[in-house]
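Written below as structure tokens is the structure these notes are about.
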Ligand SMILES: CC(C)(COP(=O)(O)OP(=O)(O)OC[C@H]1O[C@@H](n2cnc3c(N)ncnc32)[C@H](O)[C@@H]1OP(=O)(O)O)[C@@H](O)C(=O)NCCC(=O)NCCS
């Protein structure tokens, strides 16, 4: 297993993924950095991917992906990630000391166009050539998650979300919008129930 992890880290270097010291991998995550994108993981981060590496029970490995040229993922120092998906077409920033609960999804884009004509054209390969114009069909907005945030398990963090420092997101919340520092937010759609500090 140690040898495999060594190989994984080599693979990350080949993809120009930057990671800081003491990166701990529990289980094998899927981390992919598209050419022309940037993916940076700070010091002392823990990424859990095996079923019982977090006793909440992880449904899948952690997945961290930059999908387009120019996309950017920046994960700060001391961040814990458990079986989460972090998928950027534009940009996702996660501040220092933030804990991302089991099975959370952080998606800065809709994966498919909202309009069915465009969706079908992409799915059926009949869209005009040119990565740039087609990419713009897919709704995409940067996500910024502050420092010292705590995201409960099974949360969904959708495009354009901005969480100030110290926010707490309840288990299973569906989050979209901007929330000031210290907000405790729960539910679908997530709403502030109180403010810390
Ligand atoms: C968000 C959270 C921290 C709030 O804890 P708290 O401040 O002690 O809040 P309370 O338990 O007093 O609940 C306050 C209100 O919010 C509601 N609420 C709390 N968590 C909620 C959630 N996740 N979704 C929906 N409503 C929730 C409660 O029902 C209560 O409603 P009421 O005032 O109408 O009775 C906690 O409920 C939570 O979701 N923790 C995350 C656990 C987790 O996933 N850990 C990580 C595992 S990897």
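In our numbering, the protein residues as written are 2 to 198. C-beta atoms are modelled at their ideal positions from N, C-alpha and C, and glycine is treated no differently.
Here residue 8 is exposed. Its C-beta has fewer than 16 other C-beta atoms within 10 Å.
For residue 62, the three-state secondary structure derived from DSSP is coil.
Proximity of the beta carbon of residue 153 to ligand 1 is indicated: a heavy atom of the ligand is located closer than 7 Å. Exclusion of residue 183 from the 7 Å shell around ligand 1 follows from its C-beta lying no nearer than that to any non-hydrogen atom of the ligand.
Short of 6 Å from the beta carbon of residue 163, and not among the five residues preceding or following it, lie these beta carbons of its own chain, in chain order: 145, 179. Closer than 7 Å to some heavy atom of ligand 1: that describes the Cβ of residue 187. Placement of the Cβ of residue 194 at a distance of less than 7 Å from at least one heavy atom of ligand 1 is found. Sequence-distant partners of residue 75 (beyond 5 residues in either direction) whose C-beta falls short of 6 Å from its own C-beta, in its chain, are 41, 94.
Assigned with DSSP and collapsed to three states, residue 164 falls in strand.
Nearest neighbour of residue 49 by Cα position, chosen from 57, 27, 109, turns out to be 27. DSSP places residue 26 in the strand class (E or B) of the three-state scheme.
DSSP, reduced to helix, strand and coil, places residue 89 within a strand of the structure shown.
Our two residues, residue 67 and residue 195, have alpha carbons roughly 34 Å apart in a direct line. The C-alpha of residue 157 lies about 6 Å from the C-alpha of residue 105. Per DSSP, the beta-bridge partners of residue 76 are 42, 95.
In this chain, the alpha helix (DSSP H) harbouring residue 119 covers 117-125.
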